[in-house]
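Undergrad: Before we start, here is the structure in question, set down as structure tokens.
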Amino acid sequence: MLVVVGLVSCSSADESGADDQTSATTPTVEATVAEGLTSPWGIAFLPDDTALVSERDTAMIKAIDPAGRVRTVGTVPGVNPSSEGGLLGLAVAPGQRARAWIYAYYSSADDNRVVRMSYDGDRLGDPQPVLDGIPMSDFHNGGRVAFGPDGMLYVTTGDATERGNATDPDSLGGKILRVTPEGEPAPGNPTAGSPVWTSGHRNVQGIAWDDEDRLWASEFGQDTWDELNVIEPGNDYGWPDVEGRADKQGVVDPQVQWSPEDASPSGVAFANGAVWMAGLRGARLWRIEV
Numbered sequence: 009m010l011v012v013v014g015l016v017s018c019s020s021a022d023e024s025g026a027d028d029q030t031s032a033t034t035p036t037v038e039a040t041v042a043e044g045l046t047s048p049w050g051i052a053f054l055p056d057d058t059a060l061v062s063e064r065d066t067a068m069i070k071a072i073d074p075a076g077r078v079r080t081v082g083t084v085p086g087v088n089p090s091s092e093g094g095l096l097g098l099a100v101a102p103g104q105r106a107r108a109w110i111y112a113y114y115s116s117a118d119d120n121r122v123v124r125m126s127y128d129g130d131r132l133g134d135p136q137p138v139l140d141g142i143p144m145s146d147f148h149n150g151g152r153v154a155f156g157p158d159g160m161l162y163v164t165t166g167d168a169t170e171r172g173n174a175t176d177p178d179s180l181g182g183k184i185l186r187v188t189p190e191g192e193p194a195p196g197n198p199t200a201g202s203p204v205w206t207s208g209h210r211n212v213q214g215i216a217w218d219d220e221d222r223l224w225a226s227e228f229g230q231d232t233w234d235e236l237n238v239i240e241p242g243n244d245y246g247w248p249d250v251e252g253r254a255d256k257q258g259v260v261d262p263q264v265q266w267s268p269e270d271a272s273p274s275g276v277a278f279a280n281g282a283v284w285m286a287g288l289r290g291a292r293l294w295r296i297e298v
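Under our numbering, think of the first position of the sequence shown as 9, with each following residue one higher.
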């Protein structure tokens with residue numbers, strides 16, 4: 009795991025578009041935080057600043073302490089690595105210190121699902137089911153999990169290469185879901201009894217909240233535009249009918265869009281008044297003032 013300096017800046021999100029980028033600097037390694045990881049995918053931090061990192065293909069969860077020491081704290085059973093699938097996102101339940109709940113999103117042989125495991129500072133406990141039945145494929149599995157400022161668990165899912173999932177209210181695919189820590193549909197969701205928070209997503213890869221509690225999400229496009237969206241309950245973000253800005257009634261346009269060759273976004277974070285988004289294919293870090 010590296011800390012890399014070398015980024016591209018955008019103007020403020022309400023004015024940004026594909027042509028608002030500046031030239032990227034040549035990336036340089038500022039520091040090596042940890043080495044020897046295999047396909048690291050998700051990261052979540054404990055109260056003592058220890059990082060928990062998921063390895064997509066080994067199904068292992070590694071702990072990296074502030075000194076950079078790496079150790080394995082558990083292996084999640086039932087993970088079925090396949091192309092983009094495997095052990096994906098991690099989240100730490102808020103407000104716990106002595107014994108934490110660690111949430112993990114992974115691909116099984118049948119579906120994508122979320123489990124939680126107790127963590128005593130040494131080893132992970134056995135997984136307990138939280139949410140299952142999320143469509144799974146070799147591609148477009150979503151996989152990010154995070155607790156919001158409201159204490160609810162947000163789960164991003166992909167369309168699992170079935171475009172219709174994104175707009176099907178009975179499918180958990182192509183959505184951002186909002187559930188209680190136990191996996192029940194959260195109170196206040198747009199449809200009572202449903203975990204669906206938003207729809208019309210192709211493959212959401214990152215979520216983060218800013219200092220005004222707005223939720224931002226990065227999303228893989230297909231051939232035309234990748235997106236950074238502000239997420240509000242009940243909205244349709246356009247897939248599969250549109251990519252990028254379309255000015256179409258009933259569809260919410262992205263705040264920022266990029267060509268996939270410049271972005272192919274992964275995780276996002278908020279810090280210092282900006283959303284920071286990693287670009288996989290673009291091999292760069294984007295800073296978007298918000």
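Even glycine gets a Cβ: it sits at the ideal position worked out from N, Cα and C.
Mind checking Gln136: buried by the 16 CB within 10 Å criterion, or exposed?
TA: The residue given as residue 136 occupies position 128 in the sequence shown. So Gln136 counts as exposed.
Undergrad: Going straight from the alpha carbon of Lys70 to that of Lys256, what length do you get?
TA: The residue labelled residue 70 in the question sits at position 62 within the sequence shown. The residue labelled residue 256 in the question sits at position 248 within the sequence shown. Cα to Cα, the separation comes out at about 44 Å.
Undergrad: In whole angstroms, what is the alpha-carbon distance linking Val163 and Val260?
TA: Here the question's residue 163 lines up with position 155 in the sequence shown. Here the question's residue 260 lines up with position 252 in the sequence shown. The alpha-carbon atoms of Val163 and Val260 are separated by roughly 20 Å.
Undergrad: Is DSSP giving Arg292 helix, strand or coil here?
TA: Walking along the sequence shown from the start, residue 292 turns up at place 284. Three-state DSSP puts Arg292 in a strand.
Undergrad: Hey, which unbroken runs of the beta strand (DSSP E) at 3 residues or more fall wholly within the region 107 to 161?
TA: Complete beta strand (DSSP E) runs here, min 3: 108 to 115, 120 to 127, 136 to 142, 153 to 155.
Undergrad: Would the region 213 to 225 count as touching the region 119 to 139 if we require 3 or more Cβ pairs under 8 Å?
TA: With a cut-off of 8 Å, the region 119 to 139 and the region 213 to 225 do not count as touching, because too few Cβ pairs lie within range.
Undergrad: Indicate the three-state DSSP secondary structure (helix, strand or coil) for Asn173 in the structure shown.
TA: In the sequence shown, residue 173 corresponds to position 165, counting from 1. Residue state, collapsed to three classes: helix.
Undergrad: Considering Ala52, what are the terminal residues of the beta strand (DSSP E) in which it resides?
TA: Residue 52 sits at position 44 when you count from the first residue of the sequence shown. Residues 48 to 53.
Undergrad: Pull up the CB-CB distance for Leu180 and Trp205, whole angstroms please, since I reckon it's below 8 Å.
TA: As a working note, residue 180 is residue 172 in the sequence shown. As a working note, residue 205 is residue 197 in the sequence shown. The pair is not a contact, with the Cβ atoms about 11 Å apart (cut-off 8 Å).
Undergrad: Could you spell out the range, first to last residue, of the beta strand (DSSP E) harbouring Leu95?
TA: If you number the sequence shown from 1, residue 95 lands on position 87. Taken as a continuous stretch (DSSP letters only), the beta strand (DSSP E) holding Leu95 covers 95 to 100.
Undergrad: Rounded to the nearest angstrom, what separates Pro268 and Phe228 at their Cα positions?
TA: Here residue 268 refers to the residue found at position 260 when the sequence shown is read from its first residue. Here residue 228 refers to the residue found at position 220 when the sequence shown is read from its first residue. Pro268 and Phe228: Cα-Cα distance of roughly 8 Å.
Undergrad: By Cβ distance below 7 Å, which residues in the same chain neighbour Ser52 in space, the five residues on each side in sequence not counted?
TA: In the sequence shown, counting from the first residue as 1, residue 52 sits at position 44. It is worth fixing the name first, because residue 52 is Ala in this sequence and not Ser. The answer, listed in chain order, is Leu60, Leu98, Ala99, Val100.
Undergrad: On a Cα-Cα basis, can you pick out the residue from Ser62, Ser90, Arg289 that is closest to Asp234?
TA: As a first step, residue 234 must be located in the sequence shown, where it is residue number 226. That would be Arg289, whose Cα lies nearest to the Cα of Asp234.
Undergrad: Which of the three DSSP states is assigned to Ala225 in this structure?
TA: Start at 1 with the first residue of the sequence shown, and residue 225 comes out as number 217. Here Ala225 sits in strand by DSSP.
Undergrad: Give the straight-line distance between the Cα atoms of Glu38 and Val78, rounded to the nearest whole angstrom.
TA: Within the sequence shown, residue 38 is the residue found at index 30, counting from 1. Within the sequence shown, residue 78 is the residue found at index 70, counting from 1. Distance between the alpha carbons of Glu38 and Val78 is about 19 Å.
Undergrad: How do the region 84 to 91 and the region 110 to 120 stand: do at least 3 beta-carbon pairs fall below 8 Å, yes or no?
TA: As far as the Cβ criterion goes, the region 84 to 91 touches the region 110 to 120, which means the pair count is three or higher.
Undergrad: Contact defined as beta carbons within less than 8 Å: I believe Pro203 pairs with Pro189. What is the distance between those atoms, to the nearest angstrom?
TA: Taking the sequence shown and counting its residues from 1, the one referred to as residue 203 is at position 195. Taking the sequence shown and counting its residues from 1, the one referred to as residue 189 is at position 181. That belief does not hold up - the Cβ atoms of Pro203 and Pro189 are roughly 13 Å apart, past 8 Å.
Undergrad: Just how far apart, CA to CA, sit Gly129 and Arg107?
TA: Counting from one through the sequence shown, the residue named residue 129 turns up at place 121. Counting from one through the sequence shown, the residue named residue 107 turns up at place 99. Answer to the nearest angstrom: the Cα atoms are 7 Å apart.
Undergrad: On the CB-based measure, 16 or more other CB atoms within 10 Å of its CB, does Pro177 come out buried or exposed?
TA: Numbered from 1 along the sequence shown, position 169 holds the residue referred to as residue 177. That one is exposed.
Undergrad: Determine the contact status of Gly156 and Leu223, defining contact as a CB-CB distance below 8 Å.
TA: Locating residue 156 in the sequence shown gives position 148, where the first residue counts as 1. Locating residue 223 in the sequence shown gives position 215, where the first residue counts as 1. Taking 8 Å as the Cβ cut-off, Gly156 and Leu223 qualify as a contacting pair.
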